[in-house]
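Line by line, the protein sequences give chains A and B.
Counted from 1, the first sequence has number 201 at position 178 by the numbering used here; the numbering is strictly sequential.
Counted from 1, the second sequence has number 69 at position 46 by the numbering used here; the numbering is strictly sequential.
For glycine and all other residues, C-beta sits at the position ideal for the given N, C-alpha and C.
There are 2 protein chains.
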Amino acid sequence: MTQIQACYNFAMKVSELGEFGLIDLLAKMANVPRDNRIASWRQLRLGIGDDAAAWQGDDSIQLATVDSFIQDVHFPSGLASWDELGWKAMAVNLSDIAAMGGVPRYALVSLALPENTEVDDVTALYTGMIDLAKQFGVAIIGGNISRAPLVAITIAILCTSTNRDRHILTRSTAEPGELVAVTGELGAAAAGLEMLTKRLQFDPQATVFLRNAFFHPYPRIAEGQLLVDHGVKTAIDISDGLISDLNQVCKASGVSARVEIDRVPVEPTVKAQFSGKSLELALSGGEDYELLFTARAEVVDRVKRAATCLITVIGEIVAGKGVTLVDRQGNPISLGKAGWEHFITR
Amino acid sequence: MTQIQACYNFAMKVSELGEFGLIDLLAKMANVPRDNRIASWRQLRLGIGDDAAAWQGDDSIQLATVDSFIQDVHFPSGLASWDELGWKAMAVNLSDIAAMGGVPRYALVSLALPENTEVDDVTALYTGMIDLAKQFGVAIIGGNISRAPLVAITIAILCTSTNRDRHILTRSTAEPGELVAVTGELGAAAAGLEMLTKRLQFDPQATVFLRNAFFHPYPRIAEGQLLVDHGVKTAIDISDGLISDLNQVCKASGVSARVEIDRVPVEPTVKAQFSGKSLELALSGGEDYELLFTARAEVVDRVKRAATCLITVIGEIVAGKGVTLVDRQGNPISLGKAGWEHFITR
């Protein structure tokens, strides 16, 4: 316990330690009983700290992830329809599997609901979850329901590695000399949330697009598997924000990243409607659920040729620590906000 | 959707439909995308409706379960220490695996916490979870943390079937002519909760015992595996209450059960301290996390000889529906309360 206790001060609140500090602390504790005479520890490939956990199954690698989706924390109360909530809760979890290059197989759903919730709303919630799950052949096979003062949806996803290749994508394998690339375009989800919470008025097409960007993200399952197929080793999904998530990769890999901000693919509607703020939304807004990966230039080229979505190189991995943003001339610039972390009040 | 919608009235609240009604409804929805051309559906052995879900892995059967443990719903606020909460949240989930005769391997923990929670309390919570998990070689390998207005602990457990025998225990295989039996003694957990919430005063030994019965249940993992080894097919863990859980077995198996109330092993401290109410606590109090199983007399005898805990035959499976309680002379008797079901207000 000494090492663990040394990490924080006496009577510290979780809001002072922050989400990532707390995860580090609990990961250390969870690893204390590690004993390779026991099968579960011996077969463990990846514990706390990545998008999903992984262990050696009988024949393939097994993966599992769990995430909660809580009213007024992960989604604004009253703004989403129930089927949007269901879709997004499922999408957030499937995205963690996309980030590992896994094949999602089964989902378990733990629902907490106020007792005056209408049954029609719960079936709409399930409809949203099932609509997305079935697109990836994922079966919802269990879970539980309990009453609670607020809505909380916790989903666990069970997966396997792809048949063709048994390796999985992790956060900890980035190396200097690799390029940093992202799938798709960024900023629309955060722009959608801002539009909804600040009741901003746009034309109907932009309104629908931005709303869907926030509530209907489409997890990059196929792209994650494609990255594995083409030899990429390192990936993460952009949930907390590009900089924050890239920083997680740097931390886990013991490297630094340089991002050329002019190369970041800011989504065009966001650029048009949030001109001054669009870069910040793309860099630190989060919830786009695109994939960020690192690989050597020739691997990125192979991925670009094979992918059906946009793949953009935004920077490179170098020796050092943390994420540096640079302008076209290579001069470092700074941004106030670095992404979304639970508990830390900025 | 027609069949699903026919199950409930327009604008019904979940409190009117009840937990079990809602589970039935959502299970029907979740089964709609069933398609045996897809691997996940083809390999599924057991979906929504049992203590855990099960599917055919590469070599062994894989099992998974998820359960939430929510402040003021599953545990009274302020009465438990944080390590007791951690232990119990883990125990509740492991008990579902015990009820399947599975070998628990990995746990994922989703924690929701108010931001002013003290870090020491979170590490105490984890200590409780780890203390129990390591007794069964279970590794905590992932999860997530988020802020929330209340404490909610959701744990997913991943398991395999035992090496020796690939069958698992289910709720749906009880047959007329089998005996109904339980492990251990019943009523102490519910008595402990009553003592805590009503601030009842007992001698120190009884106080500690009853508190532990509620907060420190020991999941019957070894006994579940022993049941599989000796040919038992049907089991459930007593979480909602003996009658309620036995009723689930009857419903899933399409049979009826007769329970001779004088044979129910009421825990002695409960009998001594809650004389008039002790039988009700044992029959419908719940949270004892003992195993209830059905099997032919010779199988029960084999289990009795092999088990290190008390095994008591309390009745038999007959043709029909529901659970009947009978006295020593075989006359039916009735009890007001049938167990714990979420949402239904009695």
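Indicate whether at least one CB of chain B lies closer than 9 angstroms to the CB of residue i.
i: residue 103/A; result: no
i: residue 365/A; result: Low confidence applies to residue 365/A: its pLDDT is 46, below 50, so where it sits in the model is not reliable, and the reading given next is rough at best. Answer yes: the Cβ-Cβ gap between residue 365/A and chain B drops below 9 angstroms somewhere.
i: residue 194/A; result: no
i: residue 96/A; result: yes
i: residue 167/A; result: yes
i: residue 172/A; result: yes
i: residue 63/A; result: yes
i: residue 26/A; result: Note that residue 26/A scores a pLDDT of 37, beneath 50, so its modelled location is shaky; the value from the coordinates is reported in the next line. No, because no Cβ of chain B sits closer than 9 angstroms to the Cβ of residue 26/A.
i: residue 151/A; result: no
i: residue 40/A; result: yes
i: residue 214/A; result: no
Please name the residue, chosen from the options, that lies closest to residue i on a Cα-to-Cα basis.
i: residue 176/A; options: 114/A, 40/A, 143/A; result: 114/A
i: residue 193/B; options: 295/B, 307/B, 258/B; result: 258/B
i: residue 103/B; options: 292/B, 62/B, 218/B; result: 218/B
i: residue 184/A; options: 330/A, 327/A, 58/A, 83/A; result: 83/A
i: residue 261/B; options: 206/B, 230/B, 233/B; result: 206/B
i: residue 214/B; options: 296/B, 139/B, 277/B; result: 296/B
i: residue 155/B; options: 110/B, 71/B, 98/B, 120/B; result: 110/B
i: residue 55/A; options: 249/B, 137/B, 153/B; result: 153/B
i: residue 137/A; options: 101/B, 58/B, 93/B; result: 93/B
i: residue 229/A; options: 58/A, 150/A, 291/A, 139/A; result: 291/A
i: residue 278/A; options: 344/A, 321/A, 255/A, 284/A; result: 344/A
i: residue 51/A; options: 208/B, 149/B, 273/B; result: 149/B
Is there at least one Cβ from chain A nearer than 9 angstroms to residue i's Cβ?
i: residue 16/B; result: Shown here, chain B extends from 24 to 369; a query on residue 16/B therefore has no answer.
i: residue 52/B; result: yes
i: residue 140/B; result: yes
i: residue 99/B; result: no
i: residue 266/B; result: no
i: residue 308/B; result: no
i: residue 107/B; result: no
i: residue 177/B; result: yes
i: residue 361/B; result: With a pLDDT of 45 at residue 361/B, under the threshold of 50, the modelled position of that residue is not reliable, and the figure given next carries that caveat. So, not an interface residue.
i: residue 21/B; result: Limits of chain B in this structure are 24 at one end and 369 at the other, which puts residue 21/B out of reach.
i: residue 242/B; result: no
i: residue 55/B; result: yes
i: residue 312/B; result: no
i: residue 146/B; result: yes
i: residue 47/B; result: no
In whole angstroms, give me the CA-to-CA distance for residue i and residue j.
i: residue 263/B; j: residue 49/B; result: 20 angstroms
i: residue 267/B; j: residue 350/B; result: 19 angstroms
i: residue 123/B; j: residue 315/B; result: 11 angstroms
i: residue 287/A; j: residue 337/A; result: 6 angstroms
i: residue 40/B; j: residue 142/A; result: 8 angstroms
i: residue 36/B; j: residue 169/A; result: 14 angstroms
i: residue 46/A; j: residue 202/B; result: 48 angstroms
i: residue 226/A; j: residue 236/A; result: 15 angstroms
i: residue 67/A; j: residue 271/A; result: 21 angstroms
i: residue 280/B; j: residue 346/B; result: 5 angstroms
i: residue 181/B; j: residue 85/B; result: 7 angstroms
i: residue 128/B; j: residue 117/B; result: 10 angstroms
i: residue 166/B; j: residue 74/A; result: 9 angstroms
i: residue 302/B; j: residue 313/B; result: 16 angstroms
i: residue 249/B; j: residue 331/B; result: 10 angstroms
i: residue 310/A; j: residue 95/A; result: 15 angstroms
i: residue 97/A; j: residue 216/A; result: 11 angstroms
i: residue 221/B; j: residue 298/B; result: 16 angstroms
Write down the C-beta distance between residue i and residue j rounded to the nearest angstrom, noting that I regard them as a contact closer than 8 angstroms.
i: residue 105/B; j: residue 144/B; result: 5 angstroms
i: residue 163/A; j: residue 53/B; result: 4 angstroms
i: residue 198/B; j: residue 340/B; result: 6 angstroms
i: residue 348/A; j: residue 289/A; result: With 8 angstroms as the limit, residue 348/A and residue 289/A do not qualify as a contact, their Cβ atoms being about 14 angstroms apart.
i: residue 245/B; j: residue 178/B; result: That belief does not hold up - the Cβ atoms of residue 245/B and residue 178/B are roughly 20 angstroms apart, past 8 angstroms.
i: residue 190/A; j: residue 251/A; result: 6 angstroms
i: residue 306/B; j: residue 293/B; result: Contact flag wrong, Cβ pair sits at about 11 angstroms.
i: residue 276/A; j: residue 357/A; result: About 22 angstroms separates the two Cβ atoms, so there is no contact after all.
i: residue 326/A; j: residue 253/A; result: 5 angstroms
i: residue 61/B; j: residue 247/A; result: Rounded, the Cβ-Cβ distance is 19 angstroms, inconsistent with contact.
i: residue 319/A; j: residue 200/A; result: 7 angstroms
i: residue 22/B; j: residue 90/A; result: The question about residue 22/B has no answer here: the residues shown for chain B are numbered 24 through 369.
Is residue i near the ligand SAM, judged by its Cβ being under 8 angstroms from some heavy atom?
i: residue 58/A; result: Of the ligands one can find in the structure shown there are none, so the ligand SAM has no counterpart to examine.
#### Entry: Continuous beta strand (DSSP E) assignments of at least 3 residues falling wholly in the stretch 65-96 of chain B
67-69, 76-79, 84-93
### Query
Where are the beta strand (DSSP E) runs, 3 residues long or more, that stay fully inside the stretch 102-178 of chain A, in chain order?
126-136, 162-170
### Message
I'd like the ranges of any alpha helix (DSSP H) spanning at least 4 consecutive residues and lying wholly in the stretch 236-304 of chain B.
### Response
244-252, 265-276, 291-296
### Query
Can you list the beta strand (DSSP E) stretches of 3 or more residues lying completely in the stretch 191-235 of chain B, in chain order?
List check, beta strand (DSSP E) in window: 202-206.
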